[in-house]
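Undergrad: I am attaching a structure below and will ask some questions about it afterwards.
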Amino acid sequence: MKKYTLILVLLMSLNLLTAQNIFEQYQKDPAVSYLSVSPKMFEMLGKLSLSTDDPQMNGFIEMVKSMESFKVLSTKSGAIAQDMEAWITNQIEQTELETVMNLSEKDVDVQFCVVYGSEDSKVDRLVMYVKGAQKLADQEGLDISNINFILLSIEGDIDLNQVATLTEVIDIPGGKFLKKIN
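Note that the working numbering has the sequence shown beginning at 6, numbered continuously upward.
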């Protein structure tokens, strides 16, 4: 009996480890566009003494300094999108990740999940999944002919008031929906 329990625990652990590495799993897949900003990059940005007269830009700079990880997967592959959806479901079941908003608008579905932080407007982790990104991009006048599904993960001391600004700056379809969270 102990042997079977041990095997079950190991299999569950393996499943959790695999689920946590979806970004690494697809980073070299030719059907996927992958962006990852490492903690070292955020550390380097934090050491820069940047200052502007624009309060919004200063808030953006502070948010970037407080980030630890920024990852994006995008693809047109329905099979990979199913893996993305399964990953989110697994993360919700296995971790503190909690769905805070689901939006459906003109054949576009957007799901937001967070791990809450120390303050009401802050989270430790934000995950956004966009299904139908091509239609959303067409609505916004963007040319992303090879993308229909987007998975974004941000970790750190994240101020939700500034996240929408970040996604607009790097032009991620679905970023406009982040304004609706707060």
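All C-beta atoms in this analysis are idealised placements derived from N, C-alpha and C, irrespective of residue type, glycine included.
Among the residues of its own chain, which have a CB less than 6 Å from the CB of I159, if the five just before and after it don't count?
TA: For the purposes of this step, residue 159 is taken as the residue at position 154 of the sequence shown. For I159, where only same-chain residues beyond five positions count, the Cβ hits under 6 Å are F75 and L131.
Undergrad: Look at the alpha carbon of Q167 and the alpha carbon of L156, and state the distance between them as a whole number of angstroms.
TA: Taking the first residue of the sequence shown as position 1, residue 167 is located at position 162. Taking the first residue of the sequence shown as position 1, residue 156 is located at position 151. For Q167 and L156, the distance between alpha carbons rounds to 19 Å.
Undergrad: State yes or no: is the C-beta of V113 within less than 8 Å of the C-beta of I163?
TA: Start at 1 with the first residue of the sequence shown, and residue 113 comes out as number 108. Start at 1 with the first residue of the sequence shown, and residue 163 comes out as number 158. Cβ distance not < 8 Å, so V113 and I163 don't count as in contact.
Undergrad: Alpha carbon to alpha carbon, how far is E73 from T94? Give it in angstroms, no decimals.
TA: Counted from its first residue, the sequence shown places residue 94 at position 89. Counted from its first residue, the sequence shown places residue 73 at position 68. Roughly 23 Å between the two C-alpha positions.
Undergrad: By how many angstroms is the C-alpha of V77 removed from the C-alpha of S41?
TA: As a position in the sequence shown, residue 41 is number 36, starting the count at 1. As a position in the sequence shown, residue 77 is number 72, starting the count at 1. Approximately 7 Å between the Cα atoms of the pair.
Undergrad: Give the range of the alpha helix (DSSP H) segment to which E98 is assigned.
TA: Sequence index remark: in the sequence shown, residue 98 carries index 93 (1-based). Counting along the chain, the alpha helix (DSSP H) containing E98 begins and ends at G83 to Q99.
Undergrad: Return the CA-CA distance between N63 and K70, expressed in angstroms with no decimal places.
TA: Sequence index remark: in the sequence shown, residue 63 carries index 58 (1-based). Sequence index remark: in the sequence shown, residue 70 carries index 65 (1-based). So the alpha carbons of these two residues sit roughly 11 Å apart.
Undergrad: Is M133 closer than 8 Å to V105 when the C-beta atoms are compared?
TA: As a working note, residue 105 is residue 100 in the sequence shown. As a working note, residue 133 is residue 128 in the sequence shown. No, Cβ-Cβ distance for V105 and M133 is not below 8 Å.
Undergrad: In the DSSP output, which residue or residues are listed as bridge partners for N107?
TA: Numbered from its first residue, the sequence shown carries residue 107 at position 102. Note: N107 sits in a beta bridge opposite Q116.
Undergrad: Determine whether the beta carbon atoms of A84 and K136 lie at a separation below 8 Å.
TA: For this step, residue 84 is matched to residue 79 along the sequence shown. For this step, residue 136 is matched to residue 131 along the sequence shown. Contact flag unset, no.
Undergrad: Secondary structure at Q167, three-state DSSP: helix, strand or coil?
TA: Stepping through the sequence shown from its first residue, residue 167 is reached at position 162. Residue state, collapsed to three classes: helix.
Undergrad: Measure the C-alpha to C-alpha separation of K111 and I97 and round it to an integer number of angstroms.
TA: Counted from its first residue, the sequence shown places residue 111 at position 106. Counted from its first residue, the sequence shown places residue 97 at position 92. Looking at the two C-alpha atoms, the distance is approximately 26 Å.
Undergrad: Determine the direct distance from the alpha carbon of V37 to that of N26, and round the result to whole angstroms.
TA: Taking the first residue of the sequence shown as position 1, residue 26 is located at position 21. Taking the first residue of the sequence shown as position 1, residue 37 is located at position 32. Roughly 15 Å between the two C-alpha positions.
Undergrad: For Y39, which residues does DSSP report across the bridge?
TA: For this step, residue 39 is matched to residue 34 along the sequence shown. L78, per the DSSP bridge assignment.
Undergrad: Does T80 pass the burial test, meaning 16 or more other C-beta atoms within 10 Å, or should it be called exposed?
TA: Locating residue 80 in the sequence shown gives position 75, counting from the first residue. T80 should be labelled buried.
Undergrad: What are the boundary residues of the alpha helix (DSSP H) that includes E124?
TA: Residue 124 sits at position 119 when you count from the first residue of the sequence shown. From DSSP, E124 is part of no alpha helix (DSSP H); its letter is neither H nor E.
Undergrad: Could you give the residue range of the alpha helix (DSSP H) that holds I27?
TA: Reading the sequence shown from its first residue, position 22 is the one you call residue 27. Counting along the chain, the unbroken alpha helix (DSSP H) around I27 starts and ends at I27 to Y31.
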